[in-house]
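**Q** Following this message is one structure expressed as structure tokens.
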Amino acid sequence: MDEKKPKTELLDELEKGPWPSFVTEIKKATETSPMATDLLGQLELSYHERKGHWKHGGIVGVLGYGGGVIGRYSDVPEQFPNIAHFHTIRINQPSGWFYTSDSLRTLCNIWERHGSGLTNMHGSTGDIVFLGTRTEELEPVFKELTEAGFDLGGSGSAMRTPSCCVGEARCEWACYDTMKLCNDLTQAYQDELHRPSFPYKFKIKCAGCPNDCVAAEARADLSVIGIWKDDIQQDDEAVAKYAAEGLDIQRDVCDKCPTRCMSWNGELTINNRECVRCMHCINVMPKALRPGVEKGAALLIGSKAPIVQGALLSSVLVPFVPQEELFDTIKELISRVWEFWDEYGKNRERVGELIQRVGMANFLDAIGLDPVPQMVTAPRDNPYIYFQKKSENE
Amino acid sequence: MDEKKPKTELLDELEKGPWPSFVTEIKKATETSPMATDLLGQLELSYHERKGHWKHGGIVGVLGYGGGVIGRYSDVPEQFPNIAHFHTIRINQPSGWFYTSDSLRTLCNIWERHGSGLTNMHGSTGDIVFLGTRTEELEPVFKELTEAGFDLGGSGSAMRTPSCCVGEARCEWACYDTMKLCNDLTQAYQDELHRPSFPYKFKIKCAGCPNDCVAAEARADLSVIGIWKDDIQQDDEAVAKYAAEGLDIQRDVCDKCPTRCMSWNGELTINNRECVRCMHCINVMPKALRPGVEKGAALLIGSKAPIVQGALLSSVLVPFVPQEELFDTIKELISRVWEFWDEYGKNRERVGELIQRVGMANFLDAIGLDPVPQMVTAPRDNPYIYFQKKSENE
Amino acid sequence: MATTITPKRITDIGPPHYEKFLPPVIRRNYGAWKYHEVLEPGVLCHVSETGEKLYSVRAASPRLLSIQTIRLFADLADKYCGGYLRFTSRNNVEFLLEKLDEVAPLKADLAAAGFPIGGTRATISNIVHTQGWVHCHSSATDASGIVKSVMDSLSEYFVEEKLPAKLRIAVACCLNMCGAVHCSDIAILGVHRRPPKIRHDMLAKVCEVPTLISSCPTGAIRSAVVEGRQSVEVIEEQCMFCGNCYTVCPAMPMNDPENDGISIWVGGKVSNARSEPKFTKLAIPFLPNNPPRWPEVVEAVKNIVENYAKNARRFERMGEWIERIGWPRFFELTGIEFTRYHIDDFKNAGLTFARSTHLRF
Amino acid sequence: MATTITPKRITDIGPPHYEKFLPPVIRRNYGAWKYHEVLEPGVLCHVSETGEKLYSVRAASPRLLSIQTIRLFADLADKYCGGYLRFTSRNNVEFLLEKLDEVAPLKADLAAAGFPIGGTRATISNIVHTQGWVHCHSSATDASGIVKSVMDSLSEYFVEEKLPAKLRIAVACCLNMCGAVHCSDIAILGVHRRPPKIRHDMLAKVCEVPTLISSCPTGAIRSAVVEGRQSVEVIEEQCMFCGNCYTVCPAMPMNDPENDGISIWVGGKVSNARSEPKFTKLAIPFLPNNPPRWPEVVEAVKNIVENYAKNARRFERMGEWIERIGWPRFFELTGIEFTRYHIDDFKNAGLTFARSTHLRF
Ligand code: SRM
Ligand code: SRM
Ligand code: SRM
Ligand code: SRM
Ligand code: SF4
Ligand code: SF4
Ligand code: SF4
Ligand code: SF4
Ligand code: SF4
Ligand code: SF4
Ligand code: SF4
Ligand code: SF4
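Chains as they are written, first to last, in the numbering used here: chain A, 1 to 394; chain B, 1 to 394; chain C, 1 to 361; chain D, 1 to 361.
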């Protein structure tokens, strides 16, 4: 490319230092894309003026899809004509973010032909993000992507690409096959992903165990978090070995157990009845302790970022589903949740907010789940009970 | 008295069993009062019909006072004419509920002359409660009470009689003189007690230490709870003696310490820096451990029962006031709190509710207190900050 | 104009000063107590820095006392305590002795008069309670009768120290919750389950309609004209039976013998010992009002107490025990059913949803 | 009517199936991993029930990657991993090796290309972040530049295991908080401090006024006619600068270089290990936007990290450490000022008031 390099005295500062530099990345991309050059220029301007230079939104997309593309236009297009349009494309990542070098090269080639050559690997939701192209390139990109076996992710009031931790592919603690479940759910909900028809966005994340390496607890409308029902598997010899190697089992394991249900006197005893399956002891002694053998997942509902009613963490909806039953149970449950949300959800109201508004008990009624004490940290502490008129046998 | 005894087959059941019976008490009172007889009759009726038989309120009182008497009228006066009126009188208890036998007899005599002969020793707020008299008896009772050195308590939207734990009179843990403070405050606020002029009630309770034997945390608009600032006083010999006598110091003391800041290996070490002064270790080993010597109290604000905005616990307003400064500090603080409450409090809005409505920071501004981290369990977790326009040097 | 000299009316004198009610041993050792021992349930011995000792004997009281019984207490105080006694913050009566050898005879006299001795340390002390049908217009149940029935069945826990820790029970007869019902190990609470029955005939005369409407926390009350009269109506689905409307307006009575009853709450506390003060949480949403002995309530409380006694660790209050074993296990052990009513739906409800996978099965 | 045969458009195929991207060693041992070891920061060894081993080498990525760099990664995967690699949930890249002796040369190649290796176990892993000035219209600050500046100063904590436990940092450029900023050990958050500057000229044309009004959580937006045009006005005192109005209406821009800046939050987590997941809490309400290096932000984060590194116990996450020592001490140790802004005044604010005397001085 023979574009003039913009002056980037501020951004150049960000090429110094040990951490890999995004500025270097953009500069690299200028080799193949004039968009990258103008991005550099506009960004330098933002750095000088301490403010962004993008216009508000703009709806663009590919035929038949209602999402997957975030429209973006420069507010200084005269100065930076190559990024007058600078839309991003969200692409369903393969479960667990595994790739072959060939598949990556295919993606790079498509993006060299049709976009800025800049990506996010990956977006915060988990998608492959192609960063910056023109409206007229969207259909060609889409065509080449689908031909290569890739498809768009979600945006707007739609299902978003589910994501998962690496799970059974590389983790001894996975209590179910996270990658399979994530893939199956992504495939099952292609329509909901591509054609926004919900009150707001809906995200699913699948973590293989309570360590929650995909941060489902914090940012999924439906969190599937692996857990076991029986006792921790314990190898006493291996425990002894950790102790011999200098691990302070009392201080670092027992005293950090949230329920203090472990005791150590040369032998480790776990009161599994009181264990809350937090993973700590297993994390510290992976060779000695392992999740039980009766495996499955807890289904939690409703986490999200703070806008507008305050951030929510996912809360327990079904305490345990055996691994074999996960896919079917989730599909059934989701269909009931969506039905209720469709009918009662307000515009831009996430599922978690809806539940808070209508009350958990009413929500459970609507989706046909019985209340169980695992759903709450404690029963109500206020006496404001809406006693129902037709009460069973009270 | 030669009144006919009513039939009380249901109430009679409540004279059986080991616990002292209130029915027996009412029956005893019939010896001196026909009101007691009719009370028995009406109560038996309530027991049959499973509902109360009192009319709604009614404002009665003594000259110049706006409270201290709860008006009460039977809704079946034809059946029970002696309790057609059945007002209660609330009387300031002496601090710590100490009495001489003579003072009690004086009270009994007054009440024999002018009322039902039934009392509560004491009401839930702490008052002496004279249970049941006629409107025309109110002035005579009041006259005799004041002559005997007693005065009325509060009711309605007024200050209520402060109360306190036994404190230095009989407790080794009192961090300030609860009875003196309680008495001084009661005397200081006689006008506010007797002439309702607040948006709602205002209660003060004084506990000598964090054990809070007067339940201030739960039910006082201003809670004064004794605490010390320096280190727990520790007597190692006495500790050793407890251990020798069989106390499991590790399990029963260290493991129950909320911050686990104690350790035991034949010698007890307390990391006083992390101690939250919960009292547990002191409670278990009163001969070995004692509060520190730098004593005073924490001032907490705003607890109350659930009506209407939900129950509140008292929350920290001033983490520590040295014992000598308590009375003056509280008086100054209360005057500022009342000023703000007077101006901004809604009708029937307790101080705790007001603070929640306007925000703690605004409340602090208004009463001229600086925010300190001890006031909160944690800083805010939502990003909805009302940044002020004129911000200092941010 | 006739001039009659009236003696100046005495007002605003406050309570008598406590000092004159303190026994000499206390006056001498005020602020100088060093430590205490519990000699047996109900008998405390406080030892001063000077070595002096004070013996306190705590006896149960029904709180609702006749002047006859108060005179009896006064006589006992004269006989054993130089005329001094006190009441506690839970309405027990305490006799304050200087001599240990007078404790036994005092105990005998109290026992003979029907006043059990106990309530110290790891016992069930007196039940803090309210007026009920004895005096209040608001009550959904009686208070004293429930207290008597429950304590009759639990009195062994008052006179003997058989519990892991203190257990504080409270009774309140309506949602106003006079007392510290909202922070008790076990709370017994009268509840209504039907909306107010509006007295359209008198409403406009006795109540200010705007105040009434704004008194309802859920906005269930609407202004309405009924049979040509200015009145209000209640949207039934929005009413959660708090009774606040009745407090401000007599024309909104809540009483309903068929639907009023009792709820049971557990796990609250006020002390800061170990854990922070806690609110009481719902255990049983509803039990019938069954005077004179409230057998369902007695049974329910006893069941909870016995499970606690059997399973909690030493020094663990009810709420601390439940937090350790988890609520699911509490419901399992007690056999209490977990229902939709247990799930909070008030203001901060979301914060009670289980927001982790810390799960016990 | 001309008939052109168009090839059927491929849609709704979803992502490629992951199986074809799994290296053979994983395919063979899928679901059969037994345990793992961390050989050195950034190098994991997973051992299967069968005894087979998988070596994973984790390298830092700026996340914003050019196709040039992705091709470089692909080449390295070909060279060492039979062409297989993956990315992590925090945007690092992981090379998956069967042979231990290829780890060292791979590391050398990565180092030469400028990609540090680390991020495992008790380190600071990659900063999860957002678009900032690179792509988003909402941003109150940049994201990538802050990440680069902060990680430059903290990279020792990535490549060496010098911390008591994992430390997760996140950056979001506005209150929408894309990512898990609200549950991170340290969160860096772009904030506005002035209300939207209303574009009355275009408002009625581009926005639906009722939707706009109802978008404001505090009800600060009112309909108004300005210079004869239908528009809105904002009650300044009621605005807390959330930007939700701008999300629904382009005529409400929030950008303001003088007043936009950064806030710092601490003590969140998402894992269920030991303690339950926690929200991040406010540490510093405001620091200026100072590109290209944000020295104030770097300094503030470093200060917090170093205090944590020095004072926390092993296995204690940031939030767990602070809860143990108490917030007063956190503010004391870090020298951060506690202000009115730290006291919550949002919906459930009351529950953050210290409702006990559990006090530390
Ligand atoms: C690209 C991405 C950030 C990134 O750099 O990675 C992103 C970018 C935007 N997000 Fe996001 N969000 C992204 C992940 C998230 C996440 C994290 C997640 O999904 O796990 C969250 C928090 C979790 C959640 O959903 O609550 C998130 C919470 C939001 C919100 C607040 C939603 C809420 O209910 O609280 C908004 C505002 C909105 O929807 O109106 C938002 C809105 C936006 C918009 C569309 C801006 C807007 O005002 O409409 C941003 C477009 C930026 C741009 O120009 O490209 N974004 N957003 C992430 C999506 C990439 C991907 O598909 O992989
Ligand atoms: C007599 C007493 C109960 C008892 O048997 O001991 C009592 C009795 C009444 N209380 Fe109470 N309260 C009594 C202590 C309490 C306490 C405990 C305390 O003060 O420590 C509370 C909880 C703490 C608090 O203030 O929040 C309490 C919270 C209420 C409430 C709810 C107030 C609130 O803000 O949540 C009401 C309703 C109201 O004020 O409208 C109330 C209202 C009432 C009324 C006046 C009924 C009414 O609807 O207006 C009761 C009159 C009963 C009667 O006929 O005698 N009473 N009330 C207590 C006063 C005796 C005394 O002076 O010593
Ligand atoms: C007499 C009394 C104070 C008064 O001014 O009247 C009192 C007196 C003592 N209390 Fe108390 N407490 C008294 C009501 C309370 C209350 C208030 C209440 O029950 O409504 C509490 C808060 C209860 C709660 O948390 O719900 C209370 C929580 C404590 C505690 C903390 C117990 C705990 O582990 O949570 C202690 C320490 C202990 O028992 O080890 C304590 C300890 C004591 C000591 C040992 C203090 C001392 O050294 O003298 C006294 C003898 C206690 C005993 O009964 O074993 N006192 N104590 C009250 C007796 C009430 C009764 O008749 O039963
Ligand atoms: C590769 C990755 C999953 C993936 O599918 O991509 C992963 C992989 C592993 N995690 Fe994780 N975690 C990964 C993100 C997470 C996240 C999510 C996040 O950071 O956004 C969390 C939640 C963090 C939080 O709480 O804020 C997470 C919380 C854990 C924990 C719990 C740590 C704790 O004490 O709170 C463990 C257990 C441990 O480290 O002892 C764990 C343990 C592990 C183990 C040891 C599991 C195993 O046996 O293979 C893996 C190697 C960890 C290591 O780095 O030392 N992983 N792990 C993610 C690597 C991200 C990165 O590049 O740094
Ligand atoms: S969430 Fe659990 S199963 Fe999944 S990668 Fe992390 S530790 Fe392994
Ligand atoms: S998993 Fe957690 S709760 Fe269970 S024993 Fe281990 S440390 Fe304790
Ligand atoms: S509150 Fe403290 S000082 Fe007062 S009586 Fe109870 S233990 Fe003693
Ligand atoms: S007073 Fe409480 S916090 Fe302090 S050392 Fe004793 S048990 Fe621990
Ligand atoms: S709890 Fe209710 S019914 Fe009972 S005394 Fe208090 S106000 Fe009256
Ligand atoms: S009882 Fe309470 S909720 Fe029902 S109408 Fe009256 S005030 Fe409203
Ligand atoms: S955090 Fe805000 S500014 Fe940053 S990408 Fe998300 S929506 Fe845009
Ligand atoms: S920024 Fe938020 S609070 Fe301010 S006007 Fe807009 S929506 Fe309302």
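Quick reminder that beta carbons are idealized off the backbone N, C-alpha and C, glycines included.
Keep in mind the model is a prediction, meaning the values are calculated, not measured.
Could you give the distance in angstroms between the alpha-carbon of C/P292 and the alpha-carbon of C/Y341?
**A** Working through the third sequence from its first residue, we reach residue 292 of chain C at position 292. Working through the third sequence from its first residue, we reach residue 341 of chain C at position 341. Rounded to the nearest angstrom, the two C-alpha atoms are 27 Å apart.
**Q** Quick check: is any heavy atom of ligand 6 less than 6 Å from the C-beta of D/T120?
**A** Along the fourth sequence, read from residue 1 onward, the residue named residue 120 of chain D stands at position 120. No, since every heavy atom of ligand 6 falls outside the 6 Å radius drawn around the Cβ of D/T120.
**Q** Taking the beta strand (DSSP E) that B/V308 belongs to, which residues open and close that run?
**A** Numbered from its first residue, the second sequence carries residue 308 of chain B at position 308. Neither: B/V308 is in no beta strand (DSSP E) and is coded neither H nor E.
**Q** Only counting the same chain, and skipping five residues up and downstream in sequence, which positions put a Cβ closer than 6 Å to that of C/A59?
**A** For the purposes of this step, residue 59 of chain C is taken as residue 59 along the third sequence, with counting starting at 1. Closer than 6 Å at Cβ, skipping near neighbours: V93, L110, F115 and I117.
**Q** Going by the CB atoms, is the gap between C/G31 and B/E168 shorter than 7 Å?
**A** Counting from 1 along the second sequence, the entry for residue 168 of chain B is found at position 168. Counting from 1 along the third sequence, the entry for residue 31 of chain C is found at position 31. Against a cut-off of 7 Å, the Cβ pair of C/G31 and B/E168 comes out as a contact.
**Q** Drop a sphere of 10 angstroms on the beta-carbon of D/S149, count the other beta-carbons inside from all chains shown, and report buried for 16 or more, exposed for fewer.
**A** Reading the fourth sequence from its first residue, position 149 is the one you call residue 149 of chain D. Under this definition D/S149 is a buried residue.
**Q** Give a yes or no on whether 7 Å exceeds the smallest Cβ distance from D/S223 to chain A.
**A** Taking the fourth sequence and counting its residues from 1, one reaches residue 223 of chain D at position 223. Output row for D/S223: interface = no.
**Q** Considering C/P328, what are the terminal residues of the beta strand (DSSP E) in which it resides?
**A** In the third sequence, residue 328 of chain C corresponds to position 328, counting from 1. Counting along the chain, C/P328 falls outside any beta strand (DSSP E), though it belongs to the alpha helix (DSSP H) covering W327 to T334.
**Q** Check whether the Cβ of C/D256 lies closer than 7 Å to any Cβ atom in chain A.
**A** If you number the third sequence from 1, residue 256 of chain C lands on position 256. So no, C/D256 is outside the interface.
**Q** For ligand 8, is there any heavy atom lying closer than 6 Å to the beta carbon of B/C275?
**A** Position 275 of the second sequence, counted from the start, is the residue given in the question as residue 275 of chain B. Because some heavy atom of ligand 8 lies under 6 Å away, the Cβ of B/C275 counts as near it: yes.
**Q** Which residues in the same chain have their Cβ closer than 6 Å to the Cβ of B/I282, if we skip the five residues on either side of it in sequence?
**A** For this step, residue 282 of chain B is matched to residue 282 along the second sequence. Within the same chain, B/I282 has close Cβ partners L289.
**Q** Check the Cβ-Cβ distances between B/R219 and every residue of chain C, and say whether any is below 7 Å.
**A** As a first step, residue 219 of chain B is located in the second sequence; it is residue number 219 there, counting from the start. It does: the Cβ of B/R219 has a partner Cβ on chain C nearer than 7 Å.
**Q** Could you name the residues of chain D that A/W111 contacts, counting a contact when the two beta carbons are closer than 7 Å?
**A** In the first sequence, residue 111 of chain A corresponds to position 111, counting from 1. I67, listed in chain order.
**Q** Contact criterion: CB-CB distance below 7 Å. Does D/E276 meet it with respect to chain C?
**A** The residue given as residue 276 of chain D occupies position 276 in the fourth sequence. Output row for D/E276: interface = yes.
**Q** Do D/V147 and D/H135 have their beta-carbon atoms positioned less than 7 Å apart in this structure?
**A** Along the fourth sequence, read from residue 1 onward, the residue named residue 135 of chain D stands at position 135. Along the fourth sequence, read from residue 1 onward, the residue named residue 147 of chain D stands at position 147. Not a contact, by the Cβ cut-off of 7 Å.
**Q** Are the CB atoms of B/D177 and B/N92 nearer to each other than 7 Å?
**A** Against the second sequence, residue 177 of chain B aligns to sequence position 177. Against the second sequence, residue 92 of chain B aligns to sequence position 92. No. Outside cutoff.
**Q** In the DSSP output, what is D/W33 paired with across the bridge?
**A** Translated into positions along the fourth sequence, residue 33 of chain D becomes position 33. Answer is D/S48.
**Q** Kindly say whether A/P319, judged by its beta-carbon, lies nearer than 7 Å to any beta-carbon of chain B.
**A** Translated into the one-based positions of the first sequence, residue 319 of chain A becomes position 319. By this cut-off, A/P319 is not an interface position.
**Q** Which bits of chain B does D/L110 rub up against, with CB to CB less than 9 Å?
**A** Taking the first residue of the fourth sequence as position 1, residue 110 of chain D is located at position 110. Chain B residues near D/L110: none, gap ~37 Å exceeds 9 Å.
**Q** Out of curiosity, what's the CA-to-CA distance linking D/S275 and A/A215?
**A** Here residue 275 of chain D is taken as the residue at index 275 of the fourth sequence, counted from 1. Here residue 215 of chain A is taken as the residue at index 215 of the first sequence, counted from 1. Cα-Cα distance, rounded: 15 Å.
**Q** Which residues of chain C have a Cβ atom closer than 7 Å to the Cβ of A/C278, listed in chain order?
**A** The residue you call residue 278 of chain A lines up with position 278 of the first sequence. Result: H358.
**Q** Any idea which residues DSSP pairs C/R360 with across the strands?
**A** In the third sequence, residue 360 of chain C corresponds to position 360, counting from 1. None; C/R360 has no bridge partner.
**Q** Could you work out which residue in B/H194, B/L185, B/S21 and B/E31 is closest to B/F142 when comparing CA atoms only?
**A** In the second sequence, the residue the question calls residue 142 of chain B occupies position 142. Selected option, being the one with the closest Cα: B/H194.
**Q** Based on DSSP bridge pairs, tell me the residues matched to B/N412.
**A** Outside the displayed range of chain B (1 to 394) lies residue 412 of chain B, so it cannot be described from this structure.
**Q** Can you check which of these residues, C/S223, C/S184 and C/I188, is closest to C/L203 by C-alpha distance?
**A** Working through the third sequence from its first residue, we reach residue 203 of chain C at position 203. Cα-wise, what sits closest to C/L203 is C/S223.
**Q** Just how far apart, CA to CA, sit C/T50 and B/H280?
**A** Looking up residue 50 of chain C in the third sequence gives position 50. Looking up residue 280 of chain B in the second sequence gives position 280. C-alpha separation (whole angstroms): 26 Å.
**Q** Give the DSSP-derived three-state secondary structure of C/A442 in the structure shown.
**A** What the structure shows of chain C is the stretch from 1 to 361, and residue 442 of chain C is not part of that stretch, so it cannot be assessed.
**Q** Can you tell me where the alpha helix (DSSP H) holding C/K104 begins and where it ends?
**A** The sequence position of residue 104 of chain C within the third sequence is 104, counting from 1. The sequence given here places Ala at residue 104 of chain C; Lys does not occur at that position. First-last of the alpha helix (DSSP H) with C/A104: V103 to A113.
**Q** Compare the C-beta of C/M240 against all C-beta atoms of chain A and say whether one is closer than 7 Å.
**A** Mapped onto the third sequence, residue 240 of chain C falls at position 240. Taking Cβ atoms only, chain A reaches closer than 7 Å to C/M240, which makes this a yes.
**Q** Would A/T133 count as contacting chain D if we go by Cβ distances under 7 Å?
**A** Here residue 133 of chain A corresponds to residue number 133 of the first sequence, with the count starting at 1. Answer no: the Cβ-Cβ gap between A/T133 and chain D never drops below 7 Å.
**Q** Name the chain B residues that come within less than 8 Å of A/A311, Cβ to Cβ?
**A** Locating residue 311 of chain A in the first sequence gives position 311, where the first residue counts as 1. Per Cβ cutoff of 8 Å: D381 and N382.
**Q** In angstroms, rounded to a whole number, what distance separates the CA positions of C/R90 and A/Q323?
**A** On the third sequence, position 90 is the one that residue 90 of chain C refers to. On the first sequence, position 323 is the one that residue 323 of chain A refers to. In a straight line, the C-alpha of C/R90 is about 54 Å away from that of A/Q323.
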